[in-house]
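Residue numbers (the numbering used here): 27 to 240.
Glycine included, C-beta positions come from ideal geometry on N, C-alpha and C.
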Amino acid sequence: MYDRILVPTDGSDQPAVVRHALNVAELADATVHALYVVDEKALDYQPSESGRKETREARREEGQAAVGDIAEAAEERGLEAVTAIEEGSPAETVVDHADEVDAEMIVMGTRGRSGVDRYVLGSVTEQVVRRSEVPVLTVNLERQRRAVRDDETAVERAKEVLADEGHEVAEVPEQPYRESNTWIVRAVTADGDTFNVHLDAASGESRVAKIRSE
């Protein structure tokens, strides 16, 4: 099916992408190739030559950590992993690297970091899809972030929802529970009010109900 699967990373935390790539690799007993591209255009060049070197080295160090994490996750599943750091235009480099290692599939997320010293992985993914001659499996990271899969995630999401409404959570007095496709988290705020936060498990959409006031 697939002997070599390429997983590009921009250094951001994307467990869903890695998980999907490893699931496919495990089924096919494929080698996982983890790639980090140092985008020269996104580097924050300094006036001095030494400053420029330090910036590039920082990106390469970040890349080593990122591909190392993917390789470690692969090896924990008994899969062979190969890592690489390349420099150049991200989309072009990903496609070229896939060709160099004879990758038969590329797995990427549809959203990543952005900023003056980061390329946006989502836009790179779009370019790779257009240019690649091998299948590209894309993982919708925004949807993955919204999904509430366990009670720990439910608590964190409930805190975020209440914070958006101006409430600081002091405690979660009982374990969240799930009714059908809805998580319910009871939270007590710093000012003594108690809320039930209802979270859709699939979409992460929320509804807040105030059940007690001090």
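### Query
If you draw a straight line from the C-alpha of D122 to the C-alpha of K185, how long is it?
43 Å
### Task
Would you mind working out which of V44, M27 and Y28 sits nearest P34, comparing C-alpha positions?
V44
### Task
Look at the Cβ atom of L32, then the Cβ atom of I132, and state whether they are nearer than 8 Å.
yes
### Message
So, for P73: in the same chain, excluding its five sequence neighbours on each side, which residues have a beta-carbon less than 8 Å away from its beta-carbon?
### Response
With a pLDDT of only 47 at P73, under 50, the local geometry of the prediction cannot be trusted, and the value read off the model is given with reservation. Taken in chain order, the list of residues that qualify is empty.
### Task
Can you give me the start and stop residues for the beta strand (DSSP E) that R204 sits inside?
Y203 to E205
### Query
Fully enclosed by the stretch 29-114, which alpha helix (DSSP H) runs are 4 residues long or longer?
41-54 and 75-102
### Message
According to DSSP, simplified to helix, strand and coil, what is E197?
### Response
Note: E197 maps to strand in three-state DSSP.
### Query
Among the residues of its own chain, which have a CB less than 8 Å from the CB of T215, if the five just before and after it don't count?
Excluding positions up to five away in sequence, the list reads L188, H193, E194, V195, A196 and F221.
#### Entry: Reduced DSSP secondary structure (H/G/I, E/B, other) of V174
coil
### Message
For the stretch 152-169 against the stretch 204-212, do three or more pairs of beta-carbon atoms, one drawn from each stretch, fall closer than 8 Å, so that the two count as touching?
### Response
no
### Query
Which residue comes first and which comes last in the alpha helix (DSSP H) that contains V220?
For clarity, residue 220 is Thr in the given sequence; the question names Val instead. Element bounds for T220: not the alpha helix (DSSP H) but the beta strand (DSSP E), T220 to D226.
### Cutoff 6 Å; reference A51; Cβ partners in own chain excluding five residues on either side
Hits under 6 Å: I31, V58 and L105.
### Task
Spatial neighbours of R238 within its chain, please: CB distance less than 6 Å, with the 5 preceding and 5 following residues excluded, ordered by chain position.
T220
### Query
Excluding sequence positions up to five away, which residues of its chain have a Cβ less than 7 Å from the Cβ of A180?
V174, P202, W209, V211 and L225
### Query
So which of R183, E191 and P199 has the shortest CA-CA distance to G230?
R183
### Message
Could you give the first and the last residue of the continuous alpha helix (DSSP H) run that contains V160?
### Response
Neither: V160 is in no alpha helix (DSSP H) and is coded neither H nor E.
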